[in-house]
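Just below is one structure, and these are the notes that go with it.
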Ligand code: MN
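Residue numbers (the numbering used here): 1 to 490.
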């Protein structure tokens, strides 16, 4: 493995060519908590990781007594993700978009050069070998939540990468949720020919490959190419031991298997990103053939609905939404999917408004960009969209509900939003049929000030020079003046 070469070509001080380099960087900067050994996999591990979420990544040695460590929460702040990309936070979306627009095809290495195949276990028992946690209260057992599922299009051979929740049922069988995107399209194609779909579930990758897996890219657009572009060098990949899928060579653990045609097994309930449970339903099944891993591998788990989960989804989406809006409105300056809106449902848009009414056009365009978007708030360019307090201030002082509110009834929304099914009553007591799920209203708020206004009616108050104050110069730790007397100290 020519990691030395890769390191030399990377920008300095951004160690992220694999998970271990990034963890070492977090440790060196006080952001890695090493927990006590043997923490229980059921609930306890997720409970501890959740408490540290957004503050420190957590590393659990000998998790659940399996002998293998689990890591969580190493991408749980926007600033950490920008740091991994090697750009200021304000450039993060543009940088991601550039990588998505100009991917670097991967470079294949031999098995002997691939750390992820240092050890090969055929016919492995997933639950005996790997520390798979059970996260939330009503989860129906252990789940792999940070597995990059890689498969090849049966027609074109182009790979796809996505993160799917996977319930491990037994040693070699796992049920998987596939939302209606690329992996499901590949599976449907294979299933229509009564063929298996070869897959790899990759656990423990570097931060940029993890992020690239969440790009909203077209079908037949390999997300590992975006990972390469983010790294600035083609990603080294290796062919799986038991199938044709190519996986990141520097990853920690790879589960090789096949999605079976015509097989469904129950999966769920499982606590998802909106902080609610998805119901138990019959899902597609992966039969495991082998597990390959590094020497002393590290297992990654994402605690559902916490910062790592929300940010990994929201940042690539923000990049896509910004690009989408800017095609029609070049004066859209920035966007943010708020954490309170679970990183998916509530979009804040910063606009340099030139015409009255324009924010309502922007609102309509945003609803069309992704069905998950339920609420859009448009603000002016003096409002920081990444700060929910400032957005609320704009709504409080620049929005009037009778003229600035847009409501669209009965549109397609997120099926994971439980409020979309309220009031629907079905005789079997179960969920409505799939084609009726996720019916949602959309709400848009124009919280911009008028283009023209009298004097300082809509001028935000500011104190000149505030931003330039250097407090180290102004605050005296060894004050010369005694505040009690106003005189010079004795
Ligand atoms: Mn894709």
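Every residue gets a Cβ at the ideal spot worked out from N, C-alpha and C, and that includes glycine.
If you reduce the DSSP assignment to three classes, tell me which class residue 156 lands in. Taking the chain shown and counting its residues from 1, one reaches residue 156 at position 156. It is coil, neither helix nor strand.
Would you kindly check if the distance between the Cβ of residue 133 and the Cβ of residue 491 is under 7 angstroms? Only positions 1 to 490 of the chain appear in the structure, and residue 491 is not among them; the question remains open.
For residue 63, which residues from the same chain have a beta carbon less than 8 angstroms from its beta carbon, with the 5 sequence-adjacent residues on both sides left out? Counted from its first residue, the chain shown places residue 63 at position 63. Excluding positions up to five away in sequence, the list reads 38, 39, 41, 45, 69, 70, 131, 133 and 299.
DSSP on residue 209, reduced to helix/strand/coil? Here residue 209 corresponds to residue number 209 of the chain shown, with the count starting at 1. Looking at residue 209 - three-state DSSP - the assignment turns out to be helix.
Can you tell me which of 95, 58 and 85 puts its alpha carbon nearest to the alpha carbon of residue 320? The residue you call residue 320 lines up with position 320 of the chain shown. The candidate whose alpha carbon is nearest that of residue 320 is 95.
What do you reckon, are the CB atoms on residue 245 and residue 265 nearer than 7 angstroms? Numbered from 1 along the chain shown, position 245 holds the residue referred to as residue 245. Numbered from 1 along the chain shown, position 265 holds the residue referred to as residue 265. No, the pair does not count as a contact, with Cβ atoms beyond the cut-off.
Simplified DSSP assignment, three categories, for residue 118: What you label residue 118 is simply residue 118 of the chain shown in a count that begins at 1. Of the three classes helix, strand and coil, the one that applies to residue 118 here is coil, per DSSP.
Is residue 217 near ligand 1, going by C-beta to nearest heavy atom under 6 angstroms? Start at 1 with the first residue of the chain shown, and residue 217 comes out as number 217. Relative to ligand 1, the nearest heavy atom lies less than 6 angstroms away from the CB of residue 217.
Residue environment, residue 446, which counts as buried when at least 16 other CB atoms sit within 10 Å: Mapped onto the chain shown, residue 446 falls at position 446. Classification for residue 446: buried.
Output the boundary residues of the alpha helix (DSSP H) element that contains residue 363. Along the chain shown, one-based indexing puts residue 363 at 363. Start and end: 358-369.
How big is the Cα-Cα spacing for residue 6 and residue 231? To locate residue 6, count along the chain shown from 1; it is residue 6. To locate residue 231, count along the chain shown from 1; it is residue 231. Residue placement at residue 6 is poorly supported in this model, since its pLDDT is 39, which falls under 50; the coordinates are not used for a value here.
Can you give the beta carbon distance from residue 388 to residue 340, rounded, assuming they're within the 8 angstroms contact cut? As a position in the chain shown, residue 388 is number 388, starting the count at 1. As a position in the chain shown, residue 340 is number 340, starting the count at 1. Their Cβ separation, rounded to whole angstroms, is 6 angstroms, which keeps residue 388 and residue 340 in contact under 8 angstroms.
Considering only the alpha carbon of each residue, which of 213, 20 and 336 lies closest to residue 151? Within the chain shown, residue 151 is the residue found at index 151, counting from 1. Ranking the options by Cα distance to residue 151, first place goes to 213.
Which residue or residues does DSSP assign as beta-bridge partners of residue 432? As a first step, residue 432 must be located in the chain shown, where it is residue number 432. Beta-bridge pairing links residue 432 to no other residue.
Pairwise C-alpha distance: residue 141 and residue 198: Sequence index remark: in the chain shown, residue 198 carries index 198 (1-based). Sequence index remark: in the chain shown, residue 141 carries index 141 (1-based). Going from the Cα of residue 198 to the Cα of residue 141 covers about 25 angstroms.
Return helix, strand or coil for residue 388, following the three-state DSSP convention. Working through the chain shown from its first residue, we reach residue 388 at position 388. Correct three-state label for residue 388: helix.
Please determine, among 392, 77, 47 and 36, the residue with the shortest C-alpha to C-alpha distance to residue 61. Along the chain shown, one-based indexing puts residue 61 at 61. Ranking 392, 77, 47 and 36 by Cα distance to residue 61 puts 36 first.
Quick one: give me the first and last residue of the alpha helix (DSSP H) that residue 230 is part of. Position 230 of the chain shown, counted from the first residue, corresponds to residue 230. That run of the alpha helix (DSSP H) goes 223-231.
Assign residue 351 to one of three DSSP states: helix, strand, or coil. Here residue 351 refers to the residue found at position 351 when the chain shown is read from its first residue. Reduced to three states, the DSSP call for residue 351 is strand.
Could you tell me which of 288, 412 and 101 sits nearest to residue 367, measuring between CA atoms? For the purposes of this step, residue 367 is taken as the residue at position 367 of the chain shown. Ranking 288, 412 and 101 by Cα distance to residue 367 puts 412 first.
Under a three-way DSSP split, which group does residue 96 fall into? Working through the chain shown from its first residue, we reach residue 96 at position 96. The DSSP-derived three-state label of residue 96 is helix.
For residue 188, report the span of its beta strand (DSSP E) as first-last. Within the chain shown, numbered from 1, the residue matching residue 188 stands at position 188. Run containing residue 188: none in the beta strand (DSSP E); it sits in the alpha helix (DSSP H), 182-192.
DSSP bridge partner residues for residue 442 (one or two, in chain order): Position 442 of the chain shown, counted from the start, is the residue given in the question as residue 442. In DSSP, residue 442 forms a bridge with 408.
Rounded to whole angstroms, how far is the Cβ of residue 394 from the Cβ of residue 379, which I believe are closer than 8 angstroms? For the purposes of this step, residue 394 is identified with residue 394 of the chain shown, where counting begins at 1. For the purposes of this step, residue 379 is identified with residue 379 of the chain shown, where counting begins at 1. Sure, about 4 angstroms apart at Cβ, within 8 angstroms.
Terminal residues of the continuous alpha helix (DSSP H) containing residue 291? Along the chain shown, one-based indexing puts residue 291 at 291. Residue 291 -> not in any alpha helix (DSSP H); beta strand (DSSP E) instead, spanning 281-293.
Of the listed residues 173, 243, 105 and 25, nearest to residue 224 (C-alpha basis): Locating residue 224 in the chain shown gives position 224, where the first residue counts as 1. Answer by Cα proximity: 105.
Would you identify the three-state DSSP class for residue 170, choosing helix, strand or coil? For the purposes of this step, residue 170 is identified with residue 170 of the chain shown, where counting begins at 1. Coil, per DSSP.
Who does residue 489 pair with in a DSSP beta bridge? Working through the chain shown from its first residue, we reach residue 489 at position 489. Residue 489 pairs with nothing; no bridge assigned.
Let me know if residue 4 comes out buried or exposed under the rule of 16 or more other beta-carbons within 10 Å of its beta-carbon. In the chain shown, the residue the question calls residue 4 occupies position 4. The predicted position of residue 4 is uncertain, since its pLDDT is 38 and thus under 50; no value can be drawn from it.
Chain-order list of residues whose beta-carbon lies under 6 angstroms from that of residue 189 (same chain, five-residue window excluded): As a working note, residue 189 is residue 189 in the chain shown. Cβ neighbours of residue 189 beyond the five flanking positions: 154.
May I ask you to check if the CB of residue 182 is nearer than 6 angstroms to at least one heavy atom of ligand 1? The residue you call residue 182 lines up with position 182 of the chain shown. Yes, since a heavy atom of ligand 1 falls inside the 6 angstroms radius drawn around the Cβ of residue 182.
Of the residues 462, 421 and 358, the one placed nearest residue 450, counting alpha carbons only: Counting from one through the chain shown, the residue named residue 450 turns up at place 450. It is 358.
For residue 483 and residue 348, I'd like the C-alpha separation in whole angstroms. Start at 1 with the first residue of the chain shown, and residue 483 comes out as number 483. Start at 1 with the first residue of the chain shown, and residue 348 comes out as number 348. Near 46 angstroms, if we compare the C-alpha coordinates of residue 348 and residue 483.
DSSP bridge partner residues for residue 257 (one or two, in chain order): Position 257 of the chain shown holds residue 257. In DSSP, residue 257 forms a bridge with 199 and 288.
Every unbroken beta strand (DSSP E) inside the stretch 15-44 [3 residues or more]: 32-34
On a Cα-Cα basis, can you pick out the residue from 30, 135 and 67 that is closest to residue 50? Along the chain shown, read from residue 1 onward, the residue named residue 50 stands at position 50. Checking every option, the nearest Cα to that of residue 50 belongs to 135.
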